[in-house]
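Counting from 74, one number per residue, gives the positions in the sequence shown under my numbering. The C-beta atom is built at its ideal place from N, Cα and C for all residues, glycine as well. All remarks here apply to the structure that follows.
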Amino acid sequence: MAAESSSAGQKHDAPPPPGAALKRVRDSGKPRTRVAIYGGSFNPITNAHVQCAAEILHSGRVDEVWIVPCGARPDKPSLKTSVMDRLVMCHLAVNTSFGAGFKVKVCDEEMHHPRAMPSLVLLNFLEARHPNYEFKFVIGTDLIEQLRSWDAQGCPGAWDEIPDAGDIIFETKEFLVIPRPGFEHSGELPSNFEWATPQVEGATLVTMELSSSEVRKRIKALGPKGAEGLVPPSVLSHVERYNLYKDG
């Protein structure tokens, strides 16, 4: 299962500064491919995640959706499942839920680094590696007010700390916003934010409230059968085959 690799066949070290490459692409006048970056732990990926990825693409705001499982999280003890298992489950979900022409893919960028990448660092890496793409970061309405407090601590040998990361990402990156129940956003969005709403007039965004933690809880209590219908069957088979989430 081939991932949307950041640099297939190449060493995953720090990319060159993106400025010059991006300027060349913009000066060429050619339209760039619009890509939504849908990040998360995906521990495991659920039907709600799959549905959300589909709805982002159906919105017409982007040409592709890249699902990006986060790297290791030493600060999050509950994230015990390996990056590889979560990456494989994302591939299984995508490959068994969508046809090849439906442009939802899985990006393996974070598995090549010592730990999970701050969102600003991830976007900078992707922009440098893929100057022909225009990236939009997917967030829920519950995160808009928190964005300016996001940090970007350094990782020795992988990337440097970025001071004022929250202000930088809020002001310089593009965002697609997904409504979250209980977190209504009043007023207009900033110009670099847009709603991931259906492009069909009169249609409403289809959403499902289902967390990965709920799935893990049910698997711990009832075994894999407790998550039937909540995750793609291929993902559930992987969970059962490798005895994942037996401890929650």
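Item, Value
"For residue 239, report the span of its beta strand (DSSP E) as first-last.", "No beta strand (DSSP E) contains residue 239, which is instead part of the alpha helix (DSSP H) from 238 to 245."
"To the nearest angstrom, report how far apart residue 205 and residue 190 are at their CA atoms.", "22 Å"
"For the region 183 to 200 and the region 126 to 146, state whether three or more C-beta atom pairs, one from each stretch, are separated by less than 8 Å.", "yes"
"In the DSSP assignment, find the unbroken beta strand (DSSP E) run with residue 106 in it and report its ends.", "106 to 113"
"CB residue 239 to CB residue 215, shorter than 8 Å?", "no"
"Using beta-carbon positions only, say whether residue 250 and residue 124 come within less than 8 Å of one another.", "no"
"Less than 8 Å separating the beta-carbons of residue 137 and residue 269?", "no"
"Look at the alpha carbon of residue 202 and the alpha carbon of residue 274, and state the distance between them as a whole number of angstroms.", "36 Å"
"Exposed or buried, residue 314, counting other C-beta atoms within 10 Å across all chains shown (16 or more means buried)?", "exposed"
"Quick check: the Cα distance between residue 157 and residue 196, rounded to an integer number of angstroms?", "21 Å"
"For residue 234, collect the residues of the same chain with a Cβ closer than 6 Å to its Cβ; drop the 5 residues on either side in sequence, then sort them by chain order.", "226, 227"
"Which word fits residue 243, buried or exposed, when buried means at least 16 other C-beta atoms lie within 10 angstroms of its C-beta?", "buried"
"Tell me whether residue 169 is buried or exposed, calling it buried when 16 or more other Cβ atoms sit within 10 Å of its Cβ.", "exposed"
"When the distance is taken between beta carbons, is residue 211 closer than 8 Å to residue 276?", "no"
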